[in-house]
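Remarks on the structure that follows.
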Amino acid sequence: MSKPVAIATWRFGLPGVKEAGEALGAGGSALDAVERGIRTAELDPEVASVGYGGYPNAAGVVQTDAAIHDGRTHGFGAVAALEGVRTPISVARRVMERCPHSMLAGAGAREFAQAQGFALEELLTEGMRRNYEEWLRNRDLERTGGIASHDTIGLVALDAHGDLCSGCSTSGLRYKSPGRVGDSPLSGCGLYCDNAVGGAAATGNGDDILRFAPCALIVEFMRSGAHTQEACRMAVERIMTNVSMRGKKEADINFIALRKDGEVGVAATRAEFHFAVWTPETGAQLHVIQRACPEQEPESEGALRT
Ligand code: SD4
19 MSKPVAIATW RFGLPGVKEA GEALGAGGSA LDAVERGIRT AELDPEVASV
69 GYGGYPNAAG VVQTDAAIHD GRTHGFGAVA ALEGVRTPIS VARRVMERCP
119 HSMLAGAGAR EFAQAQGFAL EELLTEGMRR NYEEWLRNRD LERTGGIASH
169 DTIGLVALDA HGDLCSGCST SGLRYKSPGR VGDSPLSGCG LYCDNAVGGA
219 AATGNGDDIL RFAPCALIVE FMRSGAHTQE ACRMAVERIM TNVSMRGKKE
269 ADINFIALRK DGEVGVAATR AEFHFAVWTP ETGAQLHVIQ RACPEQEPES
319 EGALRT
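Heads up, the sequence shown is in my numbering, so the first residue is 19 and it goes up one at a time.
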C-alpha cells in the first residue's frame, strides 16, 4: 500500500487537488482522481485559462488541449484544438479508453466527443467575449496582457495501490493563432507518467516547452536516481540553456513532479510559482516555490516553502 498524494499547478489547482484527494482518500484510482481534479478547474468559469470560460484564440473561439497519461498501462489519450466541450480531460480519457488512436484534433476530436455523448456548447463566456472584443479593437498585445496570459492545470496523482497518473488541460495561449497546439496534449512534453518511476506535468509557454520533451526528461532523471526537485530543476536548466543560446533570455517554464514513493518536486522560471499538494495528513494545501533558473536570477536556488 502507498500513501496517496496529489499535486497540481497554480493557485486554482487547490480545489483540483482537494477533489482528487477525495477520490484518492476513498480508495479511488489515480486515473479517476486526475480526471476529477482537472474537471474541477475546467468547469469553473472563473478559471480563465482552462475549459469553460477559457481564453479564446485570435478568431474568438475557445480551442482546448488536454491529455491523460495512465502510469499503470502507459496508456495515453489526448485532444488538441478541441471546440465546444466543457471537460476536455474527460474526452482525452475517452480517447485513451475507447479510440484506437492516441490523439484526436480539431473537428475530428469534436465529432468523437459528440459521438461519445458529450454535449457541444459555447465555451466563450460573456466576460471573455468583452475582453476579446476589446483586444480586437486595440490589437495591442502589451496593453491587454497578450499571449503572456495563460495557465494550464497539470495534476499528478499517486493512489493507495501505488499507481500513478498525470493529466493536463488548457485553453492555451490567449489569442493564439487558430489551430495552434501547445505542449499540453503531447506525451513527454506537457505531461508524462511511468508507474515504475513517477509522473510530471508542465505549464508555461508551450511553444518553448514542446521542443524539449521535458516531462519525459524529468521522469528519466528520476529513474536515474534524481530527487523530484532536482529532476524538475534539471529540466528547467536544460531548456533555459538552449533558449538562451537562441538569444532569448527569458522563458516561462514550470514543472510539477511526483515520484512513486510520494516525493513531490517543483521548479519554475517564474519569480514565484504556486502549486497545490494533497496528502491524507495535510489535506489540500497551497505552496509557493521561487525561481529555480540560474540564468534568470543567479542568487536564488529553487526551494520549497509553504
Ligand atoms: C500552452 N502550456 O498551451 C500551455 C499554456 C500554459 O501556463 O500552461 N500556460 O502553451
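The C-beta atom is built at its ideal place from N, Cα and C for all residues, glycine as well. Bear in mind that the values here come from a model prediction, so they are computed numbers and not experimental data.
Looking at C-alpha atoms only, which residue of the options is the closest neighbour of residue i?
i	options	result
L100	V215, P74 and E299	P74
P106	Y70, E268, L49 and G34	Y70
L204	V295, G93 and M258	G93
N213	K194, R192, S189 and E238	E238
E268	A220, E64, E255 and S189	E255
A289	E299, T297, I271 and W296	I271
A127	L182, V109 and A137	V109
E139	V103, M258 and N223	V103
A220	S187, K278, H245 and R192	S187
Q247	K278, G222, G283 and G180	G283
G224	T300, L191, F30 and G217	L191
A189	I171, G31 and F273	Position check: residue 189 holds Ser in this sequence, whereas Ala was assumed. If we check each option's Cα against that of S189, I171 comes out closest.
A125	W153, M146 and G197	G197
T27	A285, A234, T300 and R148	A285
C183	K278, Q303, H87 and Q132	H87
Under 7 Å from any heavy atom of the ligand SD4, does the C-beta of residue i make it?
i	result
G301	no
S184	no
I227	yes
G217	no
G190	yes
S202	yes
G71	no
N223	yes
G208	yes
D83	yes
D279	no
T259	no
T287	no
T170	yes
Are residue i and residue j touching if we call contact CB-CB under 8 Å?
i	j	result
V79	G72	no
I227	C207	yes
F291	I25	no
A253	G185	no
L176	L276	yes
A249	M240	yes
D83	V215	no
I307	A218	no
L173	V52	yes
R251	T287	no
V65	V295	no
L304	R29	yes
G95	S120	yes
Can you find the residues in the same chain that come closer than 6 Å, C-beta to C-beta, to residue i, ignoring five residues on each side of it along the sequence?
i	result
G164	Residue placement at G164 cannot be trusted, given a pLDDT of 46 that sits under 50; what the coordinates show is reported in the next sentence. For G164, where only same-chain residues beyond five positions count, there are no Cβ hits under 6 Å.
P33	T58
K21	G280
P63	Y70, G71 and T143
G243	none
A231	G206 and C207
R161	Confidence is the limiting factor: at R161 the pLDDT is only 45, short of 50, which leaves the residue's position unreliable and the question unanswerable from this model.
T297	V23
Could you pull out every residue in the same chain whose Cβ sits closer than 8 Å to the Cβ of residue i, ignoring the five residues on either side in sequence?
i	result
R116	Q134
S195	N75 and A76
M19	A178, H179 and G180
G43	P22 and P298
Keeping to the same chain, check which residues put their C-beta closer than 7 Å to that of residue i; ignore five residues upstream and five downstream.
i	result
L122	V97, V113 and F130
R54	E37, A38 and A41
V3	Absent from the model: residue 3. The displayed extent of the chain is 19 to 324, so no value can be given.
D181	S47, A48, G89, R90 and N213
Q132	L138
I56	G34, I107, I171, L173, G185 and S187
Report the start-end ranges of each alpha helix (DSSP H) in the segment 105-159 that is 4 residues or longer and not cut off at the edges. 106-116, 124-133 and 144-156
Whole beta strand (DSSP E) elements within the segment 203-268, 3-residue minimum: 209-212 and 216-222
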